[in-house]
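Reading through the structure tokens given below for one structure.
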Amino acid sequence: MAETIRTKAEIEADIAAARERLAHEVTNLINQVHPRAVTHRAVADVRDRASRRVYAVRDQLVEPDGSLNTRHAALLGAAVAGSVAFLAVVRSIVRR
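Shown next, in the form of structure tokens:
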């Protein structure tokens, strides 16, 4: 096999390019694991999940024509009222 002979300038250029790539990768790694970046990604993820849930509930409560789906709204109201009543009963039992 014939090896290509590289000049000192070519080797130095390769080393400089590798150094630049390494510096860029280290900077990216630091940005990925920095506490503020981790917190920002976590908050964005929670906001995205909450937004999707809100839209899912809204889609169930609103008809395609924009009117209120009274059946689903009544069921949701009954569930909320039942939950509040349950918590009130549990609270009164615990206070005795």
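Residue numbering for the sequence shown follows our numbering, starting at 635 and increasing by one per position. Just so you know, even glycine gets a beta-carbon here, dropped at the ideal spot from N, CA and C. Keep in mind it's a predicted model, so treat the numbers as computed, not measured.
**Report entry** Beta-carbon gap between Val714 and Asn703 smaller than 8 Å
**Finding:** Taking 8 Å as the Cβ cut-off, Val714 and Asn703 do not qualify as a contacting pair.
Query raised in the report: Taking the alpha-carbon positions, what's the Asp679 to Arg705 distance?
Result: Using only the alpha carbons, I get a separation of about 32 Å.
**Report entry** 8 Å Cβ cutoff met for Ala657 and Asn665
**Finding:** In terms of Cβ geometry, Ala657 and Asn665 do not form a close pair [threshold 8 Å].
Requested in this report: Tell me where the alpha helix (DSSP H) around Leu663 begins and ends.
Outcome: For Leu663, the enclosing alpha helix (DSSP H) begins and ends at Lys642 to Val667.
Query - Residues bridged to Leu738 (per DSSP) - result: Residue numbering for the chain in the displayed model covers 635 to 730; residue 738 lies beyond these limits and cannot be assessed.
**Report entry** Straight-line Cα distance separating Ala650 from Ile639
**Finding:** Looking at the two C-alpha atoms, the distance is approximately 19 Å.
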